[in-house]
Amino acid sequence: MIYYEFEKAKLWTPLESIEDSALDQIKTTMTHPKLFSHLAAMPDVHMGIGCTIGSVIPMKDAIVPAFVGVDIGCGVCAVKSDIQLDVLKPHFDQIYREIKGRIPVGFSHRDNSRIHLGDLLHFTSQNPEIVEAIYIYQKLYPNKEIIPQLGTLGGGNHFIELQVDPEGFVWIMIHSGSRNIGNLIATRAINQAKQMKPVYSKGESVPADMEYLPYTSQDGQKYLIDMEFALNFAMQNRFLMMDIIQRVISYEVPCTFDEIINIHHNYAAKETHFGEEVWVHRKGATKAVSTELGIIPGSMGSASFI
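Numbered by my numbering, the letters in the sequence shown go through residues 1100 to 1405 in order.
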């Protein structure tokens, strides 16, 4: 339900529920010369860096790296098991210890321990294409080890959670992103957009920290290629963690799992709206269409929804 409409913004939440700093940021974004039609602010919209988190921002012929943010491809994946909660409950402590020992969190990456290397090799042997892509980017960032970032959770609001649906079946849900490599790619592109502002803006009044790269420019095309790598890395990062958790649970209680549901909520994509092709930037927001399953992750005190 749309609660409030400006000329260039639609708010899916009551105006009074938005903090002043976020509302100011929305109003600034509305002045961007490349904004197409209107932006949309989601019910959980709040102030972010570059733009409000919980926003959908269409741009005409322009990419704004700061609108995607530094955690490119951050998203959620979920999978349903055929295990009932009461069957799994006696194994919770062991499952927790195994997951904690096999998935690095915070700033930690994978080390050379047998268990960390074993999980990594098990996954990459079945997904060699991600290794090939990583080696290309490793040459661009020789001082940063990228492979050990694969299958790591990160910090902040990232989480691994075992959940139970109304029928009593256990689900696994993971919230994580592209880790340090996504940050490096984003930071480079954001800085490039700032440096090239005098060339690309051509006198336009572009708000600070919202500098753009023209879609057809060499810089814009490079960012899109890099963003696609980060999106894939983020997805494979979640898939490796999911693979580990599934094997840990299956070892304790033999079971099967459905196909993984995976979504990004920090990315830009070309879409057609109102008859025109535009670059839709989603920051802390997911695409909602009738043909795709979506995930709304809950907080520690609220439920998640598929």
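All C-beta atoms in this analysis are idealised placements derived from N, C-alpha and C, irrespective of residue type, glycine included.
Whole-Å CB distance - N1361 paired with S1277, under 8 angstroms assumed
Rounded, the Cβ-Cβ distance is 13 angstroms, inconsistent with contact.
Is the beta carbon of G1153 less than 8 angstroms from the beta carbon of F1206?
Cβ distance not < 8 angstroms, so G1153 and F1206 don't count as in contact.
Can the beta-carbon of A1177 be found closer than 8 angstroms to that of M1272?
yes
Leaving aside the five residues before and after F1356 along the sequence, list all residues of the same chain whose C-beta is less than 6 angstroms from its C-beta, in chain order.
Here the set comprises V1178, S1180 and Q1345.
Start and end residues, alpha helix (DSSP H) containing Q1320:
Q1317 to E1351
What are the start and end residues of the beta strand (DSSP E) that includes F1105?
No beta strand (DSSP E) contains F1105, which DSSP labels as neither H nor E.
Taking all protein chains shown into account, do 16 or more other C-beta atoms lie within 10 angstroms of the C-beta of L1216, making it buried, or fewer, making it exposed?
Around the CB of L1216, fewer than 16 other CB atoms lie within 10 Å, so the residue is classed as exposed.
CB of F1338 to nearest heavy atom of the ligand COA: below 7 angstroms?
Questions concerning the ligand COA fall outside what the structure shown contains, since it holds no ligand whatsoever.
DSSP three-state call for G1147: helix, strand or coil?
coil
Classify G1319: buried if its beta carbon has 16 or more other beta carbons within 10 angstroms, exposed otherwise.
buried
Is any beta-carbon of chain D found at less than 8 angstroms from that of L1323?
In the structure shown, chain D does not exist; there is a single protein chain.
Note down, one range per segment and in chain order, each beta strand (DSSP E) of at least 3 residues found wholly within the stretch 1244 to 1286.
1258 to 1263 and 1268 to 1275
Between the CA atoms of L1122 and M1141 - distance to the nearest angstrom
12 angstroms
For T1127, which residues from the same chain have a beta carbon less than 7 angstroms from its beta carbon, with the 5 sequence-adjacent residues on both sides left out?
P1306
Using the C-alpha atoms, what's the distance from F1268 back to N1282?
36 angstroms
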